[in-house]
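Below is one structure, written out as structure tokens; the observations come after it.
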């Protein structure tokens with residue numbers, strides 16, 4: 003805290019001197035002269051001290067600014083160095099086949115040439131919207147043939163439910179190493195489109211596939227894993243090993259901006275025609291089946307005895 007200096011002086015020799023008339027008078031000439039010289043000296047000292055304090059404040063201010071700029075430069079250089087040395091993870095998704103039954107191909111490239119990548123397991127967590135579902139019986143068959151390994155959440159799926167009555171589905175797909183790339187993993191997931199409500203003037207319904215979560219679990223620690231970490235989650239180690247493992251959810255670059263499915267739907271103005279044709283077809287087929295049973299069927303009465 004800057005000290006405050008009180009400028010003042012004592013009036014030495016300023017006592018009143020009696021006058022010739024016998025009255026006490028005020029002769030302060032000598033005292034005033036002494037006070038004036040001392041006041042000038044104190045004022046000069048106070049001015050020097052004030053200038054010193056101002057100089058010290060400026061030095062402290064410039065030193066603080068210099069320290070802040072140096073710290074900012076060091077932090078920026080550290081972030082740029084970390085970004086330059088940390089390899090990027092890229093994800094590519096592609097829909098194969100046409101119609102209601104599609105295959106979702108996902109490729110993950112870690113972008114690091116470290117040998118410790120061989121100790122890592124990569125999985126993707128897909129969040130399927132209500133317009134898509136995975137057939138659990140088909141998935142079980144693929145797992146038996148070691149083609150696709152996945153766990154559904156929940157594990158019970160109504161495959162007959164339409165889009166407007168279904169719920170979202172999460173599925174964890176365990177990826178396999180890509181033999182064509184040392185640091186790449188891939189997985190194939192069969193997905194199916196649900197039936198949508200008919201529309202007024204457009205014969206298509208759009209289903210947007212959300213971006214997946216990339217999970218990595220490594221038995222060995224190496225620098226790339228440390229810079230990939232975003233958050234941690236617990237999940238089964240694999241389909242066959244249901245023990246819980248600690249997985250790292252990592253950030254990545256999505257090569258595809260959006261994966262959109264176009265599902266064909268009916269038009270509302272065709273409702274009457276579709277109902278009439280369906281009813282006539284049902285009646286005709288039922289009549290043919292009934293006629294064949296009556297003509298070629300053998301009926302016998304069976305008596306039930308106690």
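Numbering (our numbering), first residue to last: 3 to 308.
Backbone N, C-alpha and C fix where the C-beta goes; we use that ideal spot for every residue, glycine too.
Every value quoted in this text rests on a predicted model; they were computed, and no experiment measured them.
Could you check how far apart the C-beta atoms of residue 2 and residue 190 are, in whole angstroms? I think they sit under 8 Å. Since the first residue of the chain shown is 3 and the last is 308, residue 2 is not available in this structure.
Would residue 244 be called buried (16 or more neighbouring beta carbons within 10 Å of its own) or exposed? Taking the first residue of the chain shown as position 1, residue 244 is located at position 242. Classification for residue 244: exposed.
Whether or not the segment 144-156 and the segment 172-181 are in contact is what I'm after, with contact meaning three or more pairs of Cβ atoms, one per stretch, closer than 8 Å; do they touch? yes
Can you give the Cα-Cα distance for residue 235 and residue 109, rounded to whole angstroms? Translated into positions along the chain shown, residue 235 becomes position 233. Translated into positions along the chain shown, residue 109 becomes position 107. Their Cα atoms are separated by approximately 21 Å.
Alpha helix (DSSP H) containing residue 95: first to last residue? Here residue 95 refers to the residue found at position 93 when the chain shown is read from its first residue. Where residue 95 is concerned, there is no enclosing alpha helix (DSSP H), although the beta strand (DSSP E) it sits in stretches over 92-98.
Looking at residue 209: is its Cβ nearer than 7 Å to the Cβ of residue 168? Taking the chain shown and counting its residues from 1, one reaches residue 209 at position 207. Taking the chain shown and counting its residues from 1, one reaches residue 168 at position 166. For residue 209 and residue 168, no; Cβs fall outside 7 Å.
Less than 7 Å between the beta carbons of residue 264 and residue 206, yes or no? Counting from one through the chain shown, the residue named residue 264 turns up at place 262. Counting from one through the chain shown, the residue named residue 206 turns up at place 204. The answer is yes: Cβ separation under 7 Å.
Taking residue 233 as part of the beta strand (DSSP E), name the residues at either end of that continuous run. Here residue 233 refers to the residue found at position 231 when the chain shown is read from its first residue. Start and end: 231-238.
Using the three-state DSSP reduction, which class does residue 297 fall into: helix, strand or coil? Here the question's residue 297 lines up with position 295 in the chain shown. Residue state, collapsed to three classes: helix.
Proximity test, residue 201 beta-carbon vs the ligand PLP heavy atom, cut-off 6 Å: With respect to the ligand PLP, the structure shown offers nothing to examine, as it has no ligands at all.
Would a C-beta distance cut-off of 7 Å place residue 250 and residue 216 closer than the cut-off? Counting from 1 along the chain shown, the entry for residue 250 is found at position 248. Counting from 1 along the chain shown, the entry for residue 216 is found at position 214. No; because the gap between Cβ atoms is not below 7 Å, this pair is not in contact.
In terms of DSSP beta bridges, what is residue 252 paired with? Looking up residue 252 in the chain shown gives position 250. Partner(s): 216, 231.
Would residue 200 and residue 140 qualify as a contact pair, given that the criterion is a beta-carbon distance under 7 Å? Locating residue 200 in the chain shown gives position 198, counting from the first residue. Locating residue 140 in the chain shown gives position 138, counting from the first residue. Against a cut-off of 7 Å, the Cβ pair of residue 140 and residue 200 comes out as no contact.
Determine the DSSP secondary structure at residue 222, reduced to helix, strand or coil. Translated into the one-based positions of the chain shown, residue 222 becomes position 220. It is coil, neither helix nor strand.
Out of curiosity, what's the CA-to-CA distance linking residue 63 and residue 54? Stepping through the chain shown from its first residue, residue 63 is reached at position 61. Stepping through the chain shown from its first residue, residue 54 is reached at position 52. In a straight line, the C-alpha of residue 63 is about 14 Å away from that of residue 54.
Three-state secondary structure assigned by DSSP to residue 288: Here residue 288 corresponds to residue number 286 of the chain shown, with the count starting at 1. Helix.
Selection from 286, 237, 103, 127 that minimises the alpha carbon distance to residue 197: Here residue 197 is taken as the residue at index 195 of the chain shown, counted from 1. For residue 197, the nearest C-alpha among the options comes from 103.
List the residues that DSSP assigns as beta-bridge partners of residue 176. Within the chain shown, the letter at position 174 stands for residue 176. In the DSSP output, where bridge partners are listed per residue, residue 176 has 125, 151.
Please state whether DSSP places residue 269 in a helix, a strand or coil. Along the chain shown, read from residue 1 onward, the residue named residue 269 stands at position 267. Residue state, collapsed to three classes: strand.
First and last residue of the beta strand (DSSP E) that includes residue 207? Sequence index remark: in the chain shown, residue 207 carries index 205 (1-based). Unbroken beta strand (DSSP E) run through residue 207: 206-211.
Given residue 94, which residues of its chain have a CB within under 6 Å of its CB, disregarding the five upstream and five downstream residues? As a first step, residue 94 is located in the chain shown; it is residue number 92 there, counting from the start. Once the five neighbours on either side are set aside, the close Cβ partners of residue 94 are 109, 257.
Residues sharing a beta bridge with residue 192, DSSP: Locating residue 192 in the chain shown gives position 190, counting from the first residue. For residue 192, which the question treats as bridged, DSSP gives the partners 105.
With a threshold of 8 Å on Cβ separation, who are the neighbours of residue 85 within its own chain once the five nearest residues in sequence on each side are excluded? Against the chain shown, residue 85 aligns to sequence position 83. Because the pLDDT of residue 85 is 45, which lies under 50, any placement of that residue in the model is unreliable, and the question is left without a value.
Where residue 112 sits in the DSSP three-state scheme: Along the chain shown, one-based indexing puts residue 112 at 110. Coil at residue 112, not helix or strand.
Between the alpha carbons of residue 280 and residue 166, how many angstroms are there, rounded? In the chain shown, the residue the question calls residue 280 occupies position 278. In the chain shown, the residue the question calls residue 166 occupies position 164. Taking the straight line from one Cα to the other gives about 23 Å.
Is residue 159 helix, strand or coil by DSSP? Counted from its first residue, the chain shown places residue 159 at position 157. Reduced to three states, the DSSP call for residue 159 is coil.
Would you call residue 111 buried or exposed, if buried means 16 or more other Cβ atoms sit within 10 Å of its Cβ? Here residue 111 refers to the residue found at position 109 of the chain shown. Looking at its Cβ environment, which holds 16 or more other Cβ atoms inside 10 Å, residue 111 is buried.
Give the C-beta separation of residue 261 and residue 130 to the nearest angstrom, bearing in mind that I take them to be a contact with Cβ-Cβ under 8 Å. Position 259 of the chain shown, counted from the start, is the residue given in the question as residue 261. Position 128 of the chain shown, counted from the start, is the residue given in the question as residue 130. That pair is no contact at about 11 Å.
Please classify residue 195 as buried or exposed, where buried requires at least 16 neighbouring CB atoms within 10 angstroms. In the chain shown, the residue the question calls residue 195 occupies position 193. Residue 195 comes out buried.
Rounded distance between the beta-carbons of residue 220 and residue 143, thought under 8 Å: In the chain shown, residue 143 corresponds to position 141, counting from 1. In the chain shown, residue 220 corresponds to position 218, counting from 1. 31 Å between Cβ atoms; not a contact.
Would you list the residues sitting across from residue 187 in a DSSP beta bridge? In the chain shown, the residue the question calls residue 187 occupies position 185. Beta-bridge pairing links residue 187 to 110, 179.
Contact set for residue 179: own chain, Cβ-Cβ below 7 Å, skip 5 residues either direction: Position 177 of the chain shown, counting from 1, holds the residue named residue 179. Around residue 179: 187.
Check for me: the alpha helix (DSSP H) holding residue 197 runs from which residue to which? Translated into the one-based positions of the chain shown, residue 197 becomes position 195. Element bounds for residue 197: n/a, residue is neither H nor E.
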